[in-house]
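Here is the structure we will look at, set down as structure tokens.
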Amino acid sequence: MTTAAQVSGRPAKPPRSRALIAGIVAFVVITAISVSERFGIGLDIVELIGDLWRVQPILEQLVSPNWEFLPKVVDPMLETLQIAIIAAFIGCGIALPISFLASRTTVPNRPTLTITRGILSVVRAIPDFLYALIFVAAVGIGPLPGILALIFFNIGVVAKLLSETIDGVDPGPIEAADAGGSTRTQMVRWSVLPQVLPNYVAFSLYAFELNVRASTVLGFVGAGGIGFLLKVQYGFSLWSNVSVIIISLFVVVFFIEIVSIRLRRRLV
Amino acid sequence: MITFDKATVTYPGGVHALKDLTLEIPDGEMLVIVGLSGAGKSTLIRAINGLVPLTGGDVVVNGVSVRDASSKQLRELRSHIGMIFQTFNLVKRTSVINNVLMGRLHETSTWRSLLGWYKPDDVEIAMRALERVDIVEKAYVRAANLSGGQQQRVGIARALAQEPDFLLADEPVASLDPPTSHVVMRDLQRINRELGITTIVNLHFLDLAKVYGERIIGLRDGELVYDGDGAQADEHVFRDIYGRSLTADDVMGQAEPEPAKISA
């Protein structure tokens, strides 16, 4: 019998990689350590199941939403949408020029690239929740700290996505602009921007979507919107009211996502 | 007038793309460069507008040294040199007229170009450039919706919109079928004759080179191996340039307007 390796010219089958098995073993071991009482969080499955029964009265209220509360949800929900739109508008506006300084294709020199990417990494490393805490401390509670927090959040997300898109544009039109004696700014405006504009609009829509979702968390630290209302009702354990808030939030987010996906599909 | 004075280009990998090239290109000439791929044709063309930096010698265009030019001087120099590319290099997602107007950017201030407020005179120049290559009816069509031949004519219009003294064409017909290739080459010939623009074209196909090149230069391994009349270049000349016998791949065939006299 002739195996593949014995036929001259064909390579021998490489030995099976052990990386996958090692990875699975490592994952199981790390999970076990995390659950263990001594090194980890001390998760007790029996206790966990016992605790689930205490949720029962809360669940009963959650499944019977108090619809009379709905009118009180409308204003905070509008506030949330306004915060999301204003923050997306400003944040994405700032992200556009920054993106050109964070892409190898369009940056004027290496140091600028390193600095811009460094700043963006820091901006992204701070979670939206932390931005909200900082700005609530700085300017007081209300919608303003929410807007400020989401602006930074959006700059981080959109500049990252857009600069990576710019890295991949067709270099031909850039060469054509250079050959014609254009300045760098003119090259960016006419060779690069038209190529990435649909992506940019799509990323901005996505940022707006993320903002509406983030509003629940932001409200908890006093940064305005529907999250603030949620926090109050939660504080008083008014679960049927909480239920109404969750359902309306679900509907709004779902609706925005559907519209946004449709728009984005048309663009790109 | 373009003068190469011992121009040398060595790429970072150590490849000598251009070796001690000395060459004079008088104004108004239609020059065709032939050679195998990798012979240095693209490098020669890009040395003229500084897209490829020289590592030795100099190239002087209209009295300006490309080697010593500051980036501002280089932009000024490039504004007098139109360039046409094998892959057209159009921005496909925008309109034809926006692509052609890129040829007017060197005359447009930064704020005007950012807002897209081109002067009416510049729009007029762009429209006339489109008329010259007979494609003005597509001005407001997206470049992506044009055929290859149409896209290359838009590329020529963009170069013409610069109102250049020189036209560089790097394998302008390599992505086109034979009949379209002749349309594009005739456009270039007409521009050279009617507007007196010095035109330098890289070509692979020998029959095209013979038909359209008033003067032909041959490159092999970055060195000048032939310089003479297009009419006089025969099969032996091309064999010398290529350093091998000719094959069917070296001619385009379907020759028009007059049959080329090179056997495959």
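Chains as they are written, first to last, in my numbering: chain A, 1 to 268; chain B, 269 to 532. Backbone N, C-alpha and C define an ideal beta-carbon position, used for all residues, glycine too.
Contact with chain A is absent for Glu491(B), since none of that chain's Cβ atoms lies less than 8 Å from the residue's Cβ. Under the Cβ criterion (8 Å, minimum of three pairs), the region 271 to 285 of chain B does not count as touching the region 451 to 462 of chain B. For His284(B), no alpha helix (DSSP H) run applies; the uninterrupted beta strand (DSSP E) run containing it begins and ends at 284 to 293, by DSSP. Counting the other Cβ atoms within 10 Å of the Cβ of Leu48(A) gives fewer than 16, which makes it exposed. Closest by C-alpha distance to Ile293(B), out of Leu471(B), Phe272(B), Ser363(B), Ser449(B), is Phe272(B). When CB distances to chain B are screened at a threshold of 9 Å, the residues of the region 166 to 191 of chain A falling below it are Asp170, Pro171, Gly172, Pro173, Ile174, Glu175, Ala176, Ala177, Asp178, Ala179, Gly180, Gly181, Ser182, Thr183, Thr185, Gln186, Met187, Arg189, Trp190, Ser191, in chain order. The continuous alpha helix (DSSP H) containing Met187(A) extends over residues 184 to 187. Rounded to the nearest whole angstrom, the C-alpha separation of Gly490(B) and Ala516(B) is 24 Å.
For Met370(B), a Cβ of chain A is located within less than 8 Å of the residue's own Cβ. Partner residues in the beta bridge of Val300(B), as assigned by DSSP, are Val469(B), Ile484(B). The shortest CA-to-CA distance from Leu487(B) to any of Ser339(B), Leu383(B), Leu304(B) is the one to Leu304(B).
Contact annotation: in the region 63 to 83 of chain A, no residue has its CB less than 9 Å from a CB in chain B. The three-state secondary structure of Arg361(B), taken from DSSP, is coil.
DSSP places Met370(B) within a helical segment (H, G or I) once states are collapsed to three. Around the beta carbon of Tyr408(B), fewer than 16 other beta carbons sit within 10 angstroms, so the residue counts as exposed.
The alpha carbon of Val188(A) has as its nearest neighbour, out of Ile403(B), Ser415(B), Met370(B), the alpha carbon of Met370(B). By the beta-carbon neighbour count (other beta carbons within 10 angstroms, threshold 16), Gln354(B) is buried. One thing to note: Ile393(B) has its Cβ within 8 Å of the Cβ of Arg372(B). Annotation: the continuous alpha helix (DSSP H) that includes Phe255(A) extends over 239 to 267.
DSSP, read as helix, strand or coil, puts Asp167(A) in helix. Burial state of Gln195(A) is buried, judged by a 10 Å Cβ sphere holding 16 or more other Cβ atoms. Put simply, of Val479(B), Pro321(B), Leu345(B) the residue whose alpha carbon is nearest the alpha carbon of Arg454(B) is Val479(B). Rounded to the nearest whole angstrom, the CA to CA distance from Phe356(B) to Ile403(B) is 15 Å.
Per DSSP, the continuous alpha helix (DSSP H) segment holding Ala427(B) begins and ends at 416 to 428. Beyond the five residues adjoining it in sequence on each side, Val244(A) comes within less than 7 Å, by CB distance, of Pro65, Asn66, Trp67, Phe69, Leu70, Val73 in the same chain, given in chain order. Selection Thr216(A), Val259(A), Gly91(A) evaluated against Arg124(A) yields Gly91(A) as nearest (Cα-Cα). Interface annotation, Gln195(A): in contact with chain B, CB-CB separation under 8 Å. Spatial neighbours of Thr276(B) in its own chain (CB-CB distance under 7 Å, excluding positions within 5 residues in sequence) are listed in chain order as Leu286, Lys287, Asp288, Leu322, Thr323, Gly324, Gly325. The count of Cβ pairs closer than 8 Å, one atom from the region 204 to 212 of chain A and one from the region 151 to 170 of chain A, reaches three, so the stretches are in contact.
At a cut-off of 8 Å between beta carbons, Met351(B) contacts chain A. Minimum Cα-Cα distance from Leu120(A) among the listed residues Phe129(A), Ile94(A), Gly142(A) corresponds to Ile94(A). Put simply, the CB of Leu463(B) is far from chain A, with every gap to its CB atoms at 8 Å or more. Taking 8 Å as the CB threshold, Leu456(B) stays off the interface with chain A. Counting every other CB atom within 10 Å of its CB across the protein chains shown gives Thr378(B) a total below 16, marking it as exposed.
For Asn367(B), the closest alpha carbon among the candidates Ala442(B), Gln418(B), Arg346(B) is that of Gln418(B). Under the 8 Å criterion on CB atoms, His450(B) is classed as non-interfacial with respect to chain A.
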